[in-house]
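Written below as structure tokens is the structure these notes are about.
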Amino acid sequence: MLLIGQYVNIREETQTTTVTNLMTTERTFTTTELMSEKITSTIKSTTAEAVVVWPAGTYSLMKPAVGCPGNDVTWLEGSRYYDTEDDQRNNGYVVSTSMSVVQDQYSNIRVHFCTKATTSGSESDWPAGNYCILKYTTCPTGFTEGYISWDDEDTQNANEKSGTVPSGVYNTDTLIYYCCRNDGSDVAEIRLPIGNPFYLLRYTGLCQKVKSMSMSEETITWECQDGGVKNVGVVKPYEDGFAENIKLHFCYYN
Numbered sequence: 263m264l265l266i267g268q269y270v271n272i273r274e275e276t277q278t279t280t281v282t283n284l285m286t287t288e289r290t291f292t293t294t295e296l297m298s299e300k301i302t303s304t305i306k307s308t309t310a311e312a313v314v315v316w317p318a319g320t321y322s323l324m325k326p327a328v329g330c331p332g333n334d335v336t337w338l339e340g341s342r343y344y345d346t347e348d349d350q351r352n353n354g355y356v357v358s359t360s361m362s363v364v365q366d367q368y369s370n371i372r373v374h375f376c377t378k379a380t381t382s383g384s385e386s387d388w389p390a391g392n393y394c395i396l397k398y399t400t401c402p403t404g405f406t407e408g409y410i411s412w413d414d415e416d417t418q419n420a421n422e423k424s425g426t427v428p429s430g431v432y433n434t435d436t437l438i439y440y441c442c443r444n445d446g447s448d449v450a451e452i453r454l455p456i457g458n459p460f461y462l463l464r465y466t467g468l469c470q471k472v473k474s475m476s477m478s479e480e481t482i483t484w485e486c487q488d489g490g491v492k493n494v495g496v497v498k499p500y501e502d503g504f505a506e507n508i509k510l511h512f513c514y515y516n
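Here the sequence shown stands for residues 263 to 516, where the numbers follow this note's numbering.
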């Protein structure tokens, strides 16, 4: 037979145990909910990154050695062969291990392009940043047009082009149009497709950072006609060639 005091103590202990169990259950639910929210957020973030496709507009990019960047668009390919200065060749050179580019024993250079020649209303605009691409027909929204002209070899000029190439003039000299923008920071990561390597060009800053991609900088220097005139637009990719020569800086993303 329980005394009244013993009964009260047992009841209080039971209530305390019940409250403790409820608090433990509540903490368990809270932890589960937080884990669920974190997993959902991760899935959404991964999905959002996975569905990034090449932005709207028509444009050209330099072709990587491994091929044009992905199958989500139809890339048209082409090339330009530059017959560079024949005499006193001393500074035409390629510093690239990842681009589809060939330099022969005479310092002549052939580069290859990947061109997106169509666009659709469902594509997003290019992200703000500090970089250039090559123009094809018109510059995409947010870019400003510019150009660079190469004064190629005058004697027995062997320039040639094949396939689809960026907008420009291709005869015994070369002029190529570019699309550049400086409406964002080069150190603020932008989102572009990450499935395959690709190239952008430096503009007024360093190489633009791209989310989830490693980056290396490569250069090509074209030795132009001795005594020729360097003809570049006010808007142009970063260019620092000596005298009449053209030196461009390419940003490789992998």
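All residues carry an ideal CB built from backbone N, CA and C; glycine is no exception. As the structure is a computational prediction, the values presented were derived from the model and not from experiment.
Taking residue i as part of the beta strand (DSSP E), name the residues at either end of that continuous run.
i: Arg342; result: 337-344
i: Trp484; result: 477-484
i: Met566; result: Nothing in the structure corresponds to residue 566, since the chain is present only between 263 and 516.
i: Tyr515; result: 508-515
i: Val328; result: Here Val328 belongs to no beta strand (DSSP E), and DSSP marks it neither H nor E.
i: Glu422; result: 422-425
i: Gly408; result: 406-412
i: Lys471; result: Element bounds for Lys471: n/a, residue is neither H nor E.
i: Ser322; result: 321-324
i: Tyr393; result: 392-397
i: Thr377; result: 371-378
Using C-beta distances below 6 Å, list every residue in its chain close to residue i, excluding the 5 sequence neighbours before and after it, in chain order.
i: Ser476; result: Asn516
i: Val497; result: Thr406, Gly408, Cys442
i: Ala390; result: Asp445, Gly446
i: Thr490; result: Looking at the sequence itself, residue 490 is Gly, so the reference to Thr does not match. Counting only Cβ-Cβ distances below 6 Å, and skipping sequence neighbours, we find Asp413, Glu506.
i: Cys469; result: Met477, Glu479, Cys513
i: Pro358; result: It is Ser, not Pro, that sits at residue 358 in the sequence shown. Closer than 6 Å at Cβ, skipping near neighbours: Glu480.
i: Lys473; result: Glu451, Arg453
i: Asp448; result: Asn392, Gly467, Leu468, Gln470
i: Asn419; result: Asp345, Thr434
i: Gln365; result: Val356, Ile371
i: Thr426; result: Leu338, Gly340, Thr377
i: Lys492; result: Glu506
Can you find the residues in the same chain that come closer than 8 Å, C-beta to C-beta, to residue i, ignoring five residues on each side of it along the sequence?
i: Thr320; result: Thr377, Lys378, Ala379, Thr380, Thr381, Tyr398, Thr399, Thr400, Pro402
i: Pro326; result: Ser360, Met361, Ser362, Asn458, Pro459, Phe460, Tyr461, Tyr514
i: Pro331; result: Trp316, Leu323, Trp337, Cys376, Pro455, Gly457, Asn458, Pro459, Phe460
i: Gly404; result: Asp387, Trp388, Ala390, Arg443, Asp445
i: Lys509; result: Thr481, Ile482, Thr483, Trp484, Glu501, Asp502, Gly503
i: Asp349; result: Asp488
Thinking just about the alpha-carbon of each residue, which of the options is nearest to the one in residue i?
i: Ser369; options: Val494, Asn421, Tyr439; result: Asn421
i: Ile371; options: Ser429, Pro389, Ser341; result: Ser341
i: Val335; options: Gly495, Gly430, Glu385; result: Glu385
i: Ser424; options: His374, Ser411, Val313, Phe512; result: His374
i: Leu494; options: Gln365, Tyr440, Gly383; result: Note on identity: in this sequence residue 494 is Val, with Leu being the wrong assignment. Nearest C-alpha to Val494: Tyr440.
i: Asn392; options: Asn433, Leu463, Gln365, Val314; result: Leu463
i: Asp345; options: Lys492, Thr434, Gly467, Leu510; result: Thr434
i: Asn333; options: Val314, Gly383, Leu437; result: Val314
i: Val431; options: Asp448, Ile410, Asn419; result: Ile410
i: Glu339; options: Glu347, Asn419, Cys394, Pro428; result: Pro428
i: His511; options: Gln365, Gly329, Cys394; result: Cys394
i: Ile438; options: Tyr343, Gln367, Leu396; result: Leu396
i: Thr436; options: Tyr343, Gly383, Thr426, Ala318; result: Tyr343
i: Glu347; options: Gly329, Pro499, Gln367; result: Gln367
i: Ala318; options: Gly383, Tyr465, Pro499; result: Gly383
Which complete beta strand (DSSP E) runs does the stretch 429-469 hold, if anything under 3 residues is left out? 430-432, 436-444, 460-463
Take every Cβ of the stretch 404-417, pair it with every Cβ of the stretch 486-503, and state whether three or more of those distances are shorter than 8 Å. yes
Using 8 Å as the cut-off, can you tell me whether the stretch 495-503 makes contact with the stretch 450-457, which would need three or more C-beta pairs spanning the two stretches below that distance? no
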